[in-house]
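Using the numbering used here, you'd call the opening residue of the sequence shown number 7 and step up by one each time.
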Amino acid sequence: MSSFKRGTWTNWAGNQSSRPQWINEPASESDVADIVARAAKSNRTVKAVGAGHSFTSTALTSGHLINMGHLNKIVHVDREKNQVTVEAGIHISELNEQLFELGYAMPNLGDIAYQTISGAISTSTHGTGSRLTGIAGQVAGLRLVKGHGEVIDINDQQNSELLDVARVGVGALGIVTQVTLNVVPAFRLRAVEGAQKLDALIENLDELVDSNEHFEFFWIPHTRWALTKRNNRTTDPVHIPSRAKQWYSKTFLENYAFGTVCALGRIKPSLIPRLATALPSSGQTEIVDESFRIFASERIVKFVEMEYAIPRQYCGEALQRIRSMVDAKGHLISFPVEVRFTAKDDIALSTASGRDSAYIAVHMYKGMAYEPYFRDVADIMSDYEGRPHWGKMHFLNDNELSKLYPRWNEFIAARETLDPHRTFANAYTEQVFGK
Ligand SMILES: Cc1cc2nc3c(=O)[nH]c(=O)nc-3n(C[C@H](O)[C@H](O)[C@H](O)COP(=O)(O)OP(=O)(O)OC[C@H]3O[C@@H](n4cnc5c(N)ncnc54)[C@H](O)[C@@H]3O)c2cc1C
């Protein structure tokens with residue numbers, strides 16, 4: 007979660023902070039509209055923050071910071087359309103529990119649930135599943151406060167031409183106050199986790215990705231091993247071999263044991279390749295649980311991350327190139343490289359816009375130099391027209407990004423209409439969209 011200390015706002019990872027001039031916690035949509043209208047009149051800027059789980063400077067502001075925390079309720083359930091309308095500041099973890107009470111679930115989620123729904127869609131947050139889109143693809147409509155404080159509905163009936171741009175707005179189009187989600191009946195997943203040799207995995211990649219509803223893997227740098235996760239729907243009853251074992255695999259292995267390896271690696275980087283060999287064979291589990299409990303887990307170890315979406319067919323090749331580059335350059339990496347997949351969608355700035363995608367994410371333990379490794383990976387990703395995650399570290403500017411998105415101009419035109427005086431600008435929007 008993000009934090010405030012003496013007027014300074016800091017993100018979860020602790021790598022971004024700013025001192026907003028005003029911090030507002032609106033209790034209603036009209037409060038939000040009022041703040042925006044007043045700020046616009048006096049040429050001040052406004053930024054909404056969610057849970058501060060972005061690694062980029064996307065949520066920073068020196069103007070008005072709007073904390074959406076009080077706007078966290080379900081406002082409408084449409085059982086005919088299987089749609090649920092929620093206030094924008096609801097955390098996905100709260101939403102999951104409330105949907106479950108209603109007999110519903112989100113069809114796919116990322117690997118944590120700390121984010122707010124508006125923060126998650128704004129940066130094109132995604133999980134894994136080759137026949138499923140990212141979270142913004144589950145959005146049927148939203149309400150948005152524009153740059154002068156006017157509120158509009160965007161859905162297939164009203165302002166429908168804006169739906170494909172506003173679902174991933176990167177905080178640059180307005181303040182989202184409500185989101186209507188397409189939901190599915192609650193379901194369970196069987197999660198099978200185990201180790202596999204990377205070469206064999208890459209050889210069989212299409213089969214693994216297509217024969218599992220949610221397939222992902224983590225390659226452990228300096229080893230030939232990957233940890234795989236296969237989550238598939240089941241009607242079997244909840245089955246968790248033992249709470250202790252689950253805690254061991256989900257919390258101890260994914261956080262404490264792993265954190266120890268990272269911490270040792272930070273003190274003595276030359277130990278990293280040897281420490282890495284301790285990780286791969288661990289974590290053999292099979293459990294059945296409600297979908298949202300399988301998708302998301304706790305993250306205690308702090309890190310910074312960069313993630314690129316590339317056309318799915320290049321995934322194996324790109325990964326092998328990262329592997330060779332890590333060896334050739336002598337990077338010492340204690341964090342696994344995470345690989346996921348989603349179906350294409352038609353949202354202008356979704357990282358999977360128009361193409362079935364593989365996501366390759368690299369991490370660096372908090373406090374260690376990340377830039378040389380991230381830049382080398384980014385160079386490889388650029389050969390595949392890689393699109394960086396809007397909420398994760400990257401080095402691209404508007405000129406470079408505009409070439410990666412066929413519908414870029416639609417977004418830029420919508421920004422002109424919705425926020426002509428740049429009430430929602432910050433240094434990040436200038437970097438990625440220009441002034
Ligand atoms: C430990 C960890 C795990 C993660 N796992 C995943 C993952 O599995 N998949 C993935 O794709 N990403 C993942 N991320 C990235 C994360 O999902 C995104 O960065 C997401 O945007 C964070 O949501 P938030 O609520 O914290 O938003 P913030 O980071 O607070 O804000 C993100 C952006 O949304 C804007 N925004 C927020 N609320 C509003 C609003 N109401 N109206 C308009 N704009 C708004 C902000 O201004 C900012 O531009 C992870 C990040 C961390 C730290």
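Backbone N, C-alpha and C define an ideal beta-carbon position, used for all residues, glycine too.
For residue i, collect the residues of the same chain with a Cβ closer than 8 Å to its Cβ; drop the 5 residues on either side in sequence, then sort them by chain order.
| i | result |
| --- | --- |
| D242 | R194, R196 and V294 |
| L187 | Q89, V90, T91, V92, M112, I123, Q144, V145 and A146 |
| G13 | R25, P26 and I29 |
| S136 | V215, D216, F221, R318, F347, T348, A349 and D362 |
Starting from residue i and walking both ways along the beta strand (DSSP E), at which residues does that stretch end?
| i | result |
| --- | --- |
| Y371 | S363 to Y371 |
| W231 | W231 to T240 |
| L71 | H70 to N73 |
| K454 | Residue coverage of the chain in this structure runs from 7 to 441, which leaves residue 454 outside it and unanswerable. |
| T14 | T14 to T16 |
| W225 | H220 to W225 |
| V343 | V343 to T348 |
| R149 | V145 to V151 |
| E93 | Q89 to E93 |
| V83 | I80 to D84 |
| E313 | F309 to P317 |
| D159 | V157 to I160 |
Cutting at 7 Å between CB atoms, please list the residues of its own chain near residue i, excluding the five before and the five after it.
| i | result |
| --- | --- |
| A431 | T51 |
| S8 | W15, T16, N17, W18, V55, A57 and G58 |
If you count every other CB in all the chains shown that lies within 10 Å of the CB of residue i, and 16 or more means buried, which is it?
| i | result |
| --- | --- |
| H82 | exposed |
| S359 | buried |
| S60 | buried |
| P426 | exposed |
| A232 | buried |
| I306 | exposed |
| V244 | exposed |
| K87 | exposed |
| Q184 | buried |
| N218 | buried |
| R361 | buried |
| A142 | buried |
| K335 | exposed |
| N102 | buried |
| R85 | exposed |
| A206 | exposed |
| A324 | buried |
| A375 | exposed |
Need the endpoints of the alpha helix (DSSP H) that residue i sits in, please.
| i | result |
| --- | --- |
| G322 | C321 to K335 |
| M387 | E377 to S388 |
| F298 | S297 to F301 |
| Y434 | A433 to F439 |
| A197 | Premise fails: A197 lies in the beta strand (DSSP E), R194 to K203, not in any alpha helix (DSSP H). |
| W414 | W414 to L424 |
| I181 | Taken as a continuous stretch (DSSP letters only), I181 belongs to no alpha helix (DSSP H), being part of the beta strand (DSSP E) at I181 to N188. |
| F106 | I98 to E107 |
| I127 | I123 to S128 |
| L214 | L211 to S217 |
| D404 | D404 to S408 |
| V452 | A query on residue 452 cannot be resolved here, the shown segment of the chain reaching from 7 to 441 and no further. |
| D40 | E35 to K47 |
Residues in its own chain within less than 6 Å of residue i by CB, not counting five upstream and five downstream?
| i | result |
| --- | --- |
| Q437 | N403 |
| G322 | I208 and L211 |
| Y393 | A quick correction: the sequence has Arg, not Tyr, at residue 393. Around R393: A315, T357 and L410. |
| K79 | E93 |
| G116 | T131 and G133 |
| T435 | A178 |
If distances are taken between C-alpha atoms only, which option among the options comes closest to residue i?
| i | options | result |
| --- | --- | --- |
| W15 | R44, F223 and I72 | I72 |
| M387 | A349, T348, M331 and P342 | M331 |
| F301 | E199, R230, P32 and Q163 | E199 |
| D382 | E313, A349 and S363 | E313 |
| S303 | S99, G95, R393 and Y434 | S99 |
| M74 | G177, N114, R239 and A384 | G177 |
| T348 | G373, T357 and S34 | T357 |
| V215 | L138, G20 and D351 | L138 |
| E107 | F298, K235, S130 and D162 | F298 |
| L204 | H220, P227, P191 and L101 | P227 |
| R44 | G153, G135, P317 and T129 | G153 |
| H132 | V38, Y390, A367 and R85 | A367 |
| R173 | F224, L66 and D352 | D352 |
| L168 | E156, L148 and S136 | L148 |
| F341 | F380, G397 and I158 | F380 |
| E395 | S128, A420, V182 and N165 | What sits at residue 395 in the sequence shown is His, not Glu. Looking at the Cα atoms, S128 is the closest of the given residues. |
| N21 | T64, G95 and R230 | T64 |
Cβ of residue i less than 9 Å from any chain D Cβ?
| i | result |
| --- | --- |
| R381 | Included in the structure is just one protein chain, with no chain D present. |
For ligand 2, is there any heavy atom lying closer than 8 Å to the beta carbon of residue i?
| i | result |
| --- | --- |
| A57 | This structure simply doesn't include ligand 2; it includes ligand 1 instead. |
For the putative contact between residue i and residue j, defined by C-beta atoms under 8 Å, what is the C-beta separation to the nearest angstrom?
| i | j | result |
| --- | --- | --- |
| V171 | E416 | 6 Å |
| H369 | F309 | 5 Å |
| N180 | L424 | In the sequence as presented, Asn is not what sits at residue 180; that position holds Gly. Indeed they touch by this definition, with Cβ atoms about 5 Å apart. |
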